[in-house]
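Notes follow the structure.
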Amino acid sequence: MKRRKIFAALLSIFINIFLVVLKYILFKISGSLAIKADAFHSVTDILVSSLVFSGIIISSRETEGAKKSRFIIENIISIIVALFIFFIAFEVFRDVFFKPQPIIGKIPIAIAGTLLAVAITYFTSVFKIHVGKETGSPSLVADGYHTRSDMFSSIVVLAALFGHMIGIKFDKIAAIFIAVLIISTGVEILANAIRAFFLHYYSITSGGIVAIDQEIKKWLFRLRFVYFLRKHKKRILQIAILIFLIFYFVKSFYLIHAREIGVVQRFGKVVSTRLEPGIYFHPLWIFEKLHKLKIYEPQRIEIGFRTREKPTEEPPAYLWEFKHTRGRYRLKAEESHRVIGDLNIVTIWTVIHYRIKNPYLYLFNLEKREDLIRSEAEALETSLLAQESIDDILTVGKEWFQDTFKLLLQKELDSLHSGIEICRVSLFDLHPPVEVVPAFRFVSSAREDKDRYINEAESEFNRILPRARAEAAEKMKEALGYKLEQINRAYGDATRFNSILYAYQRGPRELTRYRLYIETLEKALPDAEKYILDPDLSKTVLDLRSLKDTTSIP
19 MKRRKIFAAL
29 LSIFINIFLV
39 VLKYILFKIS
49 GSLAIKADAF
59 HSVTDILVSS
69 LVFSGIIISS
79 RETEGAKKSR
89 FIIENIISII
99 VALFIFFIAF
109 EVFRDVFFKP
119 QPIIGKIPIA
129 IAGTLLAVAI
139 TYFTSVFKIH
149 VGKETGSPSL
159 VADGYHTRSD
169 MFSSIVVLAA
179 LFGHMIGIKF
189 DKIAAIFIAV
199 LIISTGVEIL
209 ANAIRAFFLH
219 YYSITSGGIV
229 AIDQEIKKWL
239 FRLRFVYFLR
249 KHKKRILQIA
259 ILIFLIFYFV
269 KSFYLIHARE
279 IGVVQRFGKV
289 VSTRLEPGIY
299 FHPLWIFEKL
309 HKLKIYEPQR
319 IEIGFRTREK
329 PTEEPPAYLW
339 EFKHTRGRYR
349 LKAEESHRVI
359 GDLNIVTIWT
369 VIHYRIKNPY
379 LYLFNLEKRE
389 DLIRSEAEAL
399 ETSLLAQESI
409 DDILTVGKEW
419 FQDTFKLLLQ
429 KELDSLHSGI
439 EICRVSLFDL
449 HPPVEVVPAF
459 RFVSSAREDK
469 DRYINEAESE
479 FNRILPRARA
489 EAAEKMKEAL
499 GYKLEQINRA
509 YGDATRFNSI
519 LYAYQRGPRE
529 LTRYRLYIET
539 LEKALPDAEK
549 YILDPDLSKT
559 VLDLRSLKDT
569 TSIP
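Numbering of the sequence shown is given in our numbering, commencing with residue 19 and proceeding in unit increments.
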């Protein structure tokens, strides 16, 4: 009988060690916090089984005189074990509330492993209870009931895994529930140890857990709710099955909204990569997982800053000197500071818009997609800024920077088979760091003055040069007109002279000669009085004084 009790206790310890290893491997494979908490729960089973084993060994060898010493040592160890169990529960709570939730995957493998753990714990508990009753070992019976509670915690893990498959995520809730079970185990052990110290009534290895379980059962059976459940358990079971069937049927319908597509996995394998908007019936939904993706809506990634979900008081203006301790945006200094080609340090904010172009690659080829895009974008941004000066980026080089950034980032993501399409890259803001803004403004002001003087000189140049060109053109036209005038006048004089010559040659030459003589005389003596006398009067004396008051005959 003694050997059988020792064998059962040892077997329980080794089985619990195997369960701890199995559950920890399942946690590493799936990332489920509930499985990790269940592994910690199995660690407490190892401690309890070790206490039971030590109690069996000591009780078989002790004498009546050593009974008191055995109680003291045993219960001191029990208190230490209880405190260690509380520490394990604390670790579970810290994983749940203070650490990032790992991505849960490979759920079918985790379900299969958890089912194996449930079967092992069930048969182990049955074996220990059977051996404990046959050998009259209350501590072994208590350990068997405790192992059965471990089976129930594994069933909770199974429920959490199945819920995750259908989109109901309560992995953390399951982990918290198991942590409460771990705490209850510690409380039982600690309460038994303290009671043994003060009352010398019973210990952890002499049926304490069984006594507590019996007291709890008696208290529960006194409750009306528990009495009602026991009396109408068949009807309640039928209603529960009906509700489950209705729930199962309703959950068999998938609704894909407008501007969405669906990707379906069955037992982890992708069976549909593009469900268009509509209603679909999937009777095997419990083994499937639906991913809804909004592939037509661009998504946004911010580099160098973050937009606050709940903006605080807005500043009058977002100047360069503003440190973004309040307002709509929050500065991320570790992302925003860059060294550019002219060795200046700038604060740059970039916004990247992207959408999903390949749902399969987007879901299953990469993890932490936004972190990937952000890291690739930061590396490209640093490389491109190292090739340009701040003046170029702020002015003519901005469009080139954005277009080149988009093309290179798309090329990098395509090489990773990300299933992501970059829609647009925008320089949201670019300015010097807050610490050097005054110096930069001074330099910018001097550069603006330089540009202003150059513009004024060019304006004066553009004002004077056209006027000079117009005046030169006017002079050229006047000279050309004068040239043509002189040519035409000379041509006219020559023509007139030729006409006179022709008339002279054809007419009476004496008359023409006389007329020319008179005209020449008129030109030569314009102020002298001239008298023309008839040749026939040359023989008489003519008094010219009498002709002063007469009209001259030309």
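All residues carry an ideal CB built from backbone N, CA and C; glycine is no exception. Because the structure is a prediction, the values reported are computed rather than measured.
- In three-state DSSP terms, what is K429? In the sequence shown, residue 429 corresponds to position 411, counting from 1. DSSP places K429 in helix when its eight states are reduced to three.
- Query: Which one of R373, S407, N376 has the shortest CA to CA distance from D360?
  - Reply: Your numbering for residue 360 matches position 342 in the sequence shown. The shortest C-alpha separation from D360 is found at S407.
- Per-residue DSSP class, three states only, for D447: As a first step, residue 447 is located in the sequence shown; it is residue number 429 there, counting from the start. The answer is strand: DSSP assigns D447 an E or B state.
- Beta-carbon spacing of L398, F423 below 8 angstroms: Walking along the sequence shown from the start, residue 398 turns up at place 380. Walking along the sequence shown from the start, residue 423 turns up at place 405. Yes; because the gap between Cβ atoms is below 8 angstroms, this pair is in contact.
- Query: Is the beta carbon of V174 sitting closer than 8 angstroms to the one on F145?
  - Reply: If you number the sequence shown from 1, residue 174 lands on position 156. If you number the sequence shown from 1, residue 145 lands on position 127. No; because the gap between Cβ atoms is not below 8 angstroms, this pair is not in contact.
- Apart from the five residues on each side of it in sequence, which residues of its chain come closer than 7 angstroms, Cβ to Cβ, to L412? As a working mapping, residue 412 is identified with position 394 in the sequence shown. These residues qualify, in order along the chain: L448.
- Query: Does the separation of the CB atoms of Y378 and G322 fall below 8 angstroms?
  - Reply: Numbered from 1 along the sequence shown, position 360 holds the residue referred to as residue 378. Numbered from 1 along the sequence shown, position 304 holds the residue referred to as residue 322. Cβ atoms of Y378 and G322: not closer than 8 angstroms.
- Message: Using the Cβ count rule (16 or more neighbours within 10 Å means buried), how would you classify N34?
- Response: Here residue 34 refers to the residue found at position 16 when the sequence shown is read from its first residue. Under this definition N34 is a buried residue.
- Message: Quick check on this structure: which residue in A128, R373, N480 has the alpha carbon closest to the alpha carbon of P316?
- Response: Within the sequence shown, numbered from 1, the residue matching residue 316 stands at position 298. Selected option, being the one with the closest Cα: R373.
- Starting from I363 and walking both ways along the beta strand (DSSP E), at which residues does that stretch end? Numbered from its first residue, the sequence shown carries residue 363 at position 345. That run of the beta strand (DSSP E) goes 363–374.
- Query: Going by other Cβ atoms of all chains shown within 10 Å of its Cβ, with 16 needed for buried, is K252 buried or exposed?
  - Reply: Stepping through the sequence shown from its first residue, residue 252 is reached at position 234. Result: exposed.
- Task: Spatial neighbours of E503 within its chain, please: CB distance less than 6 angstroms, with the 5 preceding and 5 following residues excluded, ordered by chain position.
- Result: One-based indexing of the sequence shown puts residue 503 at position 485. Once the five neighbours on either side are set aside, E503 has no close Cβ partner at all.
- For E315, which of helix, strand or coil comes out of DSSP? For the purposes of this step, residue 315 is taken as residue 297 along the sequence shown, with counting starting at 1. Note: E315 maps to coil in three-state DSSP.
- Message: On the DSSP letters alone, give me the boundaries of the alpha helix (DSSP H) that I391 sits inside.
- Response: Against the sequence shown, residue 391 aligns to sequence position 373. It spans 387–403 - the alpha helix (DSSP H) in which I391 sits, taken as one unbroken run.
- Message: Going by beta-carbon coordinates alone, are L40 and G131 separated by less than 8 angstroms?
- Response: The residue you call residue 40 lines up with position 22 of the sequence shown. The residue you call residue 131 lines up with position 113 of the sequence shown. Yes, they are a contact pair.
- Query: Can you give the beta carbon distance from T368 to A395, rounded, assuming they're within the 8 angstroms contact cut?
  - Reply: Stepping through the sequence shown from its first residue, residue 368 is reached at position 350. Stepping through the sequence shown from its first residue, residue 395 is reached at position 377. 7 angstroms between Cβ atoms; contact.
- Residue(s) in a DSSP beta bridge with E474: As a working note, residue 474 is residue 456 in the sequence shown. Bridge partners of E474: none, in fact.
- Query: Just how far apart, CA to CA, sit S290 and V281?
  - Reply: As a position in the sequence shown, residue 290 is number 272, starting the count at 1. As a position in the sequence shown, residue 281 is number 263, starting the count at 1. Cα to Cα, the separation comes out at about 6 angstroms.
- Query: What's the gap between the Cα of I138 and the Cα of Q256?
  - Reply: Counting from one through the sequence shown, the residue named residue 138 turns up at place 120. Counting from one through the sequence shown, the residue named residue 256 turns up at place 238. Distance between the alpha carbons of I138 and Q256 is about 29 angstroms.
- Query: How long is the line joining the alpha carbons of Y509 and N480, rounded to whole angstroms?
  - Reply: Residue numbering aside, residue 509 sits at position 491 when the sequence shown is read from its first letter. Residue numbering aside, residue 480 sits at position 462 when the sequence shown is read from its first letter. Their backbone Cα atoms lie some 43 angstroms apart in a straight line.
- Message: When you compare the CB positions of H300 and Y272, do they come within less than 8 angstroms of one another, or not?
- Response: As a first step, residue 300 must be located in the sequence shown, where it is residue number 282. As a first step, residue 272 must be located in the sequence shown, where it is residue number 254. Against a cut-off of 8 angstroms, the Cβ pair of Y272 and H300 comes out as a contact.
- Message: Give me, in chain order, the residues of the same chain whose beta-carbon lies closer than 8 angstroms to that of E233; leave out the 5 immediate sequence neighbours on both sides.
- Response: As a position in the sequence shown, residue 233 is number 215, starting the count at 1. Only weak support exists for where E233 lies, its pLDDT of 49 falling under 50; the value from the coordinates is given anyway. The answer is none, since no qualifying residue turns up.
- If you follow the alpha helix (DSSP H) that Y380 is part of, which residue opens it and which one closes it? Here the question's residue 380 lines up with position 362 in the sequence shown. Where Y380 is concerned, the enclosing alpha helix (DSSP H) stretches over 377–382.
- Message: Just to confirm before moving on: does the CB-CB distance between G181 and I122 stay below 8 angstroms?
- Response: Taking the sequence shown and counting its residues from 1, the one referred to as residue 181 is at position 163. Taking the sequence shown and counting its residues from 1, the one referred to as residue 122 is at position 104. No.
- Going by DSSP, which residues form a beta bridge with S290? Against the sequence shown, residue 290 aligns to sequence position 272. Answer by DSSP bridge pairing, in chain order: V282.
- Message: Which same chain residues end up closer than 8 angstroms to K328 when comparing Cβ atoms and leaving out the 5 residues on each side of it in sequence?
- Response: Counted from its first residue, the sequence shown places residue 328 at position 310. Around K328: no qualifying Cβ.
- Is there contact between the stretch 425–440 and the stretch 383–392, where contact requires at least three CB pairs shorter than 8 angstroms? yes
- Query: Does the beta-carbon of D168 have 16 or more other beta-carbons within 10 angstroms, so that it is buried, or is it exposed?
  - Reply: Numbered from 1 along the sequence shown, position 150 holds the residue referred to as residue 168. That one is buried.
- Is R348 helix, strand or coil when you go by DSSP? The count along the sequence shown starts at 1 and reaches residue 348 at position 330. If DSSP states are grouped into helix, strand and coil, R348 belongs with the strands.
- Just reading off the beta strand (DSSP E) that L273 is part of, what are its end residues? Locating residue 273 in the sequence shown gives position 255, where the first residue counts as 1. Where L273 is concerned, the enclosing beta strand (DSSP E) stretches over 271–274.
- Task: Buried or exposed for R507, please, with buried defined as at least 16 other CB atoms from any protein chain shown within 10 angstroms of its CB.
- Result: In the sequence shown, counting from the first residue as 1, residue 507 sits at position 489. Its Cβ having fewer than 16 others within 10 Å, R507 is exposed.
- Hey, R11 and K312 are a contact pair by Cβ (cut 8 angstroms); roughly how many whole angstroms apart? Limits of the chain in this structure are 19 at one end and 572 at the other, which puts residue 11 out of reach.
- Where K46 sits in the DSSP three-state scheme: If you number the sequence shown from 1, residue 46 lands on position 28. Looking at K46 - three-state DSSP - the assignment turns out to be helix.
- For K310, which residues does DSSP report across the bridge? Taking the sequence shown and counting its residues from 1, the one referred to as residue 310 is at position 292. G280.
- Task: Identify whether R326 lies in helix, strand or coil by the three-state DSSP scheme.
- Result: On the sequence shown, position 308 is the one that residue 326 refers to. R326: coil per DSSP, three-state reduction.
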